[in-house]
Structures are given as structure tokens and as C-alpha cells.
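Written out below as C-alpha cells is the structure these notes cover.
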Amino acid sequence: MRQPLIAGNWKMNGNRSSVETLLSNVINGASTISKTEVVVCPSFPFLDLSERLLSGTSIKLGAQNTSTKESGAYTGEVSASMLANFGCQYVICGHSERREYYGETDAIIAEKVSICVEKGMRAILCVGETLNQREQEQTESVISTQLDGVITQIGIDIFNNIEIAYEPVWAIGTGKTATPEQAQSVHAFIRQKIASHSLVIAEKIRILYGGSMKAENACDLLSQSDIDGGLIGGASLVANDFLAICRAGD
Ligand code: PEP
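Just so you know, we're using our numbering here: the sequence shown kicks off at 24 and counts up by one.
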């Protein structure tokens, strides 16, 4: 039985005061959530504040990105060791926005996944196709290539320590959600792909759905047999909406 996981990706949003309010509201509301593992991923400047606010709660802290470098002369970068030092237990790797706007390749993403796990955190590896790729019926081949980036560079065993998020690019921040059937079919494909390397890992690994998941569609998506949780963008910025999704996972 896989424990549901709901992770909020706050992206580049917030300030001291809004982060404090959002997190306090999430913390208060989360006391009624029993089964679902809840993670929030603020921007780097808010990790310290968030770590302090989350102390003593069951909500976990995550980051949205990491450097592939350990330390040194890499101006503007934030290392995985620093993230771990600030209490991060999860790191989102390979989000489509990073692939698209910052040129992250499968090789770079594999390095990021590897360094996060090396530092004792779990990576949330994002994969997903664009609308054009879906229309060209390339969804499975695109996702297969994205997964192979990690499988061939690091090996299948790393999947013991990571989550996969299926995030169709056409559904991210667009209000368009994959239907539960569309999402389930890709999740099943991802699990089969992992199973072709390790049945044990395939059974255990959590595959999250991301792409305009909200309170209204969360139950239908999360009731699919291969959907083990969600990576939530926009709706994670509103405490009640995020909490409603967490409860749908419960
Ligand atoms: C995301 O960016 O990971 C995401 C799923 O965003 P949204 O929920 O806003 O589509």
C-alpha cells in the first residue's frame, strides 16, 4: 500500500508575510489529515522561515530545484547540502519550467536527482509531454526517454528513493486537467516501464499527477489505481484549496 503524497510547488511566489500566513493556515488545517504525506516547496529565501514554522508538525519541507555542484564558485546556485541543512526532505527535479526556460536536459536532471539522494533527500522527478507531442502520439516515447535519462545514468535502484511526477506540460497552470483516464493510462505506462527493470520498485514507487489539480478534480484523479498523489502548483497557494486536495488523498 503506497502512502498518498501531496506536494505544493509554490514556484516563485510569496513574501515573508504571505508565506507566514499561508503556512500557518496549512498547518492549522492539516491537523485533520491522517494518512496523506504533505509537503510544501517554497522558494529558497523562505526555506528558513518555513523550516521554523513547520517544526513540530508533520508537514515536510521541499525545495524546487538544486544545483548539481557541491560547493564553490557557482554564483547564484544553491547546493543540495544547503537544502538538506535547511531541513528539506524533498527536491523537485526536472520541472517542465526548468526544462523549458533554463535548458535542463535529461542528463542535468539525472545529476540533480543523484545529488539529492546522496544528501539524504528524496527527489520528485517530473516527466511529461507537450501538447504537440501528445497530438503526435509521442507521449509514451517522450516519457520513456525522460525516465531513461535517470535509469541509464544512475541505475534503477535510485527509484527506491525518489517519486515520479507525471506532469503533462499542456495541463500545467492552464486550467486544463488530464482526465482521470488519460492520467491513469500514462501512470500505468510509467509503472510498467519501472517494472521492466524492477518489479519490487514498481510496486513501491509513488507516481504523482501534476497539472491543474484542484479540489474539484482531486478525488477522481486520486482514486485511479496508479495515481499516488499530486504535485500542486496554483492551488497550493490557497490554504483551503491545498488542504481540500490533501483531504482527497486521505
Ligand atoms: C506544477 O507546476 O507543478 C503544477 C502542477 O502547476 P498547476 O497545478 O498550477 O498546474
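Yeah, the Cβ is synthetic: ideal placement off N, Cα and C, and Gly gets one too. Bear in mind the structure is a predicted one, so any value in this text is a computation, not a measurement.
{"Item": "In terms of alpha-carbon separation, which member of Ser73, Glu163, Ala30, Gly52 lies closest to Gly37?", "Value": "Ser73"}
{"Item": "Could you check the C-alpha separation between Glu152 and Glu160 for me, to the nearest Å?", "Value": "10 Å"}
{"Item": "Using three-state DSSP, classify Val261 as helix, strand or coil.", "Value": "coil"}
{"Item": "Where does Tyr125 sit, in a helix, a strand or coil, going by DSSP?", "Value": "coil"}
{"Item": "Which of helix, strand or coil does DSSP assign to Ile179?", "Value": "helix"}
{"Item": "To the nearest angstrom, report how far apart Arg270 and Glu158 are at their CA atoms.", "Value": "34 Å"}
{"Item": "Jot down the residue ranges of each uninterrupted alpha helix (DSSP H) in the segment 74-147, minimum 4 residues, whole runs only, in chain order.", "Value": "103-108, 119-124, 129-141"}
{"Item": "Cβ atoms of Cys111 and Gly85: under 7 Å apart, would you say?", "Value": "yes"}
{"Item": "Where does Cys68 land, buried or exposed, given buried means 16+ other C-beta within 10 angstroms?", "Value": "Residue identity differs from the one stated: residue 68 is Pro in this sequence, not Cys. Pro68 is exposed by the Cβ-count criterion."}
{"Item": "What's the gap between the Cα of Ala267 and the Cα of Ala238?", "Value": "5 Å"}
{"Item": "In terms of residues, what are the limits of the beta strand (DSSP E) holding Asn32?", "Value": "28-32"}
{"Item": "Mapping DSSP to helix, strand and coil, what is Glu226?", "Value": "helix"}
{"Item": "To the nearest angstrom, report how far apart Ala107 and Ser94 are at their CA atoms.", "Value": "13 Å"}
{"Item": "In the structure shown, what three-state DSSP assignment does Ala188 receive?", "Value": "strand"}
{"Item": "Ala146 and Ile185 - do their beta-carbons sit closer together than 7 Å?", "Value": "yes"}
{"Item": "Helix, strand or coil for Gly37? Go by DSSP, reduced to three states.", "Value": "coil"}
{"Item": "Out of Ile50, Pro27, Trp33, Ser47, which has the shortest C-alpha to C-alpha gap to Lys58?", "Value": "Pro27"}
{"Item": "For the candidate residues Val165, Leu148, Thr44, Ala96, whose alpha-carbon lies nearest to that of Ala30?", "Value": "Leu148"}
{"Item": "In chain order, what residues of the same chain lie with their CB nearer than 6 Å to the CB of Ile179, ignoring the 5 residues before and after it?", "Value": "His220, Ser221"}
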